[in-house]
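Let me begin by presenting the structure, written as structure tokens, before commenting on it.
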Amino acid sequence: MKRATQIVLVLAIIGLAIWGWMALHPSPEKVIRSRLNDLAKTLSFKSGSGALARAYNAQKASEFFTPDVEIEVNLTGLEPVSLHGRDEVMRIAMAARSHLTSLKVEFPDMNVTIDPGGQSAKVNLTGKATMPGQKDISAQEFNFNLKKVDGKWLIYHIETVRTLSSLAVELTAQST
Amino acid sequence: MNTMEPAASPAARFPGWLRIAVIGRNPKRTAIRALVLALFCFVFFKFFVFRFIVLPVRIEGYSMFPTYRDRGINFVYRLAYLHSPPQRGDVVGIRMAGPSVMLMKRIVGMPGETVAFEHGRLIINGEEMPEPYMKNHSPALYTPPVKLGSDEYYVIGDNRMNSEQGHINRDRIVGKVVL
Numbered sequence: 619m620k621r622a623t624q625i626v627l628v629l630a631i632i633g634l635a636i637w638g639w640m641a642l643h644p645s646p647e648k649v650i651r652s653r654l655n656d657l658a659k660t661l662s663f664k665s666g667s668g669a670l671a672r673a674y675n676a677q678k679a680s681e682f683f684t685p686d687v688e689i690e691v692n693l694t695g696l697e698p699v700s701l702h703g704r705d706e707v708m709r710i711a712m713a714a715r716s717h718l719t720s721l722k723v724e725f726p727d728m729n730v731t732i733d734p735g736g737q738s739a740k741v742n743l744t745g746k747a748t749m750p751g752q753k754d755i756s757a758q759e760f761n762f763n764l765k766k767v768d769g770k771w772l773i774y775h776i777e778t779v780r781t782l783s784s785l786a787v788e789l790t791a792q793s794t
Numbered sequence: 102m103n104t105m106e107p108a109a110s111p112a113a114r115f116p117g118w119l120r121i122a123v124i125g126r127n128p129k130r131t132a133i134r135a136l137v138l139a140l141f142c143f144v145f146f147k148f149f150v151f152r153f154i155v156l157p158v159r160i161e162g163y164s165m166f167p168t169y170r171d172r173g174i175n176f177v178y179r180l181a182y183l184h185s186p187p188q189r190g191d192v193v194g195i196r197m198a199g200p201s202v203m204l205m206k207r208i209v210g211m212p213g214e215t216v217a218f219e220h221g222r223l224i225i226n227g228e229e230m231p232e233p234y235m236k237n238h239s240p241a242l243y244t245p246p247v248k249l250g251s252d253e254y255y256v257i258g259d260n261r262m263n264s265e266q267g268h269i270n271r272d273r274i275v276g277k278v279v280l
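Protein chains in written order, with the numbering used here: chain A, 619 to 794; chain B, 102 to 280.
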């Protein structure tokens, strides 16, 4: 009995040590996931938050991107939009905050691929946004490219992915 | 002489064999067993059945109307195509980056086929293909012919004028929508 207790105790200590090591030294994949979840939280805002808090969060959101970030948005039925630079991202974030009363952003699925050098990564993810007064959710697939700058993973390129890759967008519903 | 008998408990009203069958000889132990069983069922369904076998989904939007309605609850059977490929007419769940958010569409074109729509009618390899699952056709729908690859399927919602359409690779199909 005493021996069994000792074994259990030793196993518990080993388990705790492994957990502690993993918590202190997370894998790059885990760091990226956590960073993108932080970005989703920063982009989200609730109704009633003050102008100062909104401005602070918009500024905070821009810190997830490199200064020369490039964002290409190509959605079905809409004109393609390109954003260049952190300032433009911040401007859009501020504009969204002034036009919407609340917004909830989530990234429910993330597929992270770290490049062999360990200094850049590609993330294929689903972005989900819930807005007030809109029953339906808005969901879109994206490819995020990140690179390590001064130990921090920053986004330098974002592009939308067409889940139904096709000529579908080119088709026209002609009225007869 | 007055005699007093303790009031019969509700359980005592049942015949002994029935009581044993329902709550066992030791009710306390039976309660613990039931609790453990309930916990097991919860974990089994939540983390196994509803993740790897059938995915419960809530439909958002009208692209599959009138076959499937907005806000309806449905299930995507993930093992449907384990031994046989998807078939024309199947309604399938199509993943985005993962299965948390899926598109729900009907397969109308099979690998290798050329798919087009003319006057709302499905044209496969130049010939009209009947669609018995369609309740009403939208004559205004035209699309140019699309040649599918060896692992590609053409999908579209039943609400043809209010649905995205296009071709997808087989690996995007999460499973078949059932019920």
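Just so you know, even glycine gets a beta-carbon here, dropped at the ideal spot from N, CA and C. Computed from a predicted structure; not experimentally measured.
What does the alpha-carbon distance come out to for the pair A/P734 and A/P646? Rounded to whole angstroms, the gap between the alpha carbons of A/P734 and A/P646 is 12 Å.
So, with DSSP's three-state summary, where would you put A/H717? DSSP places A/H717 in helix when its eight states are reduced to three.
Does the CB of A/P726 have a neighbour CB from chain B at under 8 Å? Yes, because at least one Cβ of chain B sits closer than 8 Å to the Cβ of A/P726.
Local conformation of B/V150 per DSSP, three classes: Reduced to three states, the DSSP call for B/V150 is helix.
List the residues that DSSP assigns as beta-bridge partners of A/E690. In the DSSP output, where bridge partners are listed per residue, A/E690 has A/S700 and A/E777.
If contact is defined by three or more beta carbon pairs under 8 Å, each pair taking one atom from either stretch, is the region 629 to 643 of chain A in contact with the region 664 to 673 of chain A? Between the region 664 to 673 of chain A and the region 629 to 643 of chain A, the count of Cβ pairs shorter than 8 Å is below three; the stretches do not touch.
Just to confirm, are A/V767 and A/T684 a CB contact at a threshold of 8 Å? Closer than 8 Å, so yes.
Shortest alpha-carbon distance to A/I689 belongs to which of A/W771, A/L670, A/V699 and A/I632? Looking at the Cα atoms, A/V699 is the closest of the given residues.
The beta strand (DSSP E) that contains A/S756, what's its start and end? Unbroken beta strand (DSSP E) run through A/S756: S756 to V767.
Which same chain residues end up closer than 7 Å to A/H702 when comparing Cβ atoms and leaving out the 5 residues on each side of it in sequence? E688.
According to DSSP, is B/N260 helix, strand or coil? Three-state result, B/N260: coil.
Return helix, strand or coil for B/R172, following the three-state DSSP convention. Note: B/R172 maps to coil in three-state DSSP.
Close beta carbons around A/T623, own chain, < 7 Å, minus the five adjacent residues each side: Within the same chain, A/T623 has no close Cβ partners at all.
Buried versus exposed, by CB contacts within 10 Å (16 or more), B/F145: When all chains shown are included, B/F145 counts as exposed.
Chain-ordered residues of the region 703 to 726 of chain A with a beta carbon less than 7 Å from chain B: For the region 703 to 726 of chain A, the set of residues with a beta-carbon nearer than 7 Å to any beta-carbon of chain B comprises P726, in chain order.
CB A/W715 to CB A/R672, shorter than 8 Å? First, the amino acid is wrong: residue 715 of chain A is Arg here, not Trp. Contact flag set, yes.
Strictly below 7 Å CB to CB, what residues from chain A border B/I195? Correct list: T781.
Could you check whether the Cβ of A/L743 sits closer than 8 Å to any Cβ belonging to chain B? Output row for A/L743: interface = yes.
Would B/E219 count as contacting chain A if we go by Cβ distances under 8 Å? Closer than 8 Å to the CB of B/E219 there is not a single CB belonging to chain A.
Short CB-CB distance (under 8 Å) between A/T778 and chain B: Taking Cβ atoms only, chain B never reaches closer than 8 Å to A/T778, which makes this a no.
For B/N226, three-class secondary structure by DSSP: Here B/N226 sits in coil by DSSP.
Would you kindly report the start and end of the unbroken beta strand (DSSP E) that includes B/G117? From DSSP, B/G117 is part of no beta strand (DSSP E) but of the alpha helix (DSSP H) over G117 to I124.
At the level of alpha carbons, what is the spacing between A/E788 and B/V216? With a pLDDT of 35 at A/E788, under the threshold of 50, the modelled position of that residue is not reliable, and no figure is offered here.
Chain B contact for A/N729 (CB, 8 Å cutoff): Cβ-Cβ to chain B under 8 Å: yes for A/N729.
Tell me whether B/M203 sits in a helix, a strand or coil according to DSSP, three-state version. Looking at B/M203 - three-state DSSP - the assignment turns out to be strand.
In DSSP terms, what B/V192 is bridged to: Paired residues: B/R207.
Closer than 8 Å to chain C by CB, A/K746: In summary, chain C is missing from the structure at hand, where the protein chains are A and B.
Any C-beta of chain B under 8 Å from that of A/E759: Yes, A/E759 lies at the interface with chain B (some Cβ there is under 8 Å from its Cβ).
Name the DSSP beta bridge partners of A/M708, please? Per DSSP, none; premise fails for A/M708.
Check B/F141 in the structure and name its three-state DSSP category. Correct three-state label for B/F141: helix.
Which residues in the same chain as A/A757 place their Cβ atom closer than 8 Å to its Cβ, once the five residues preceding and following it in sequence are excluded? Here the set comprises T744, G745, K746 and A747.
Tell me which residues of the region 651 to 685 of chain A have at least one Cβ-Cβ distance to chain B shorter than 9 Å, keeping chain order. Look at the region 651 to 685 of chain A: it has no residue with a C-beta under 9 Å from a C-beta of chain B.
Tell me which residue opens and which closes the alpha helix (DSSP H) that A/P646 is part of. Segment P646 to L661, the alpha helix (DSSP H) holding A/P646.
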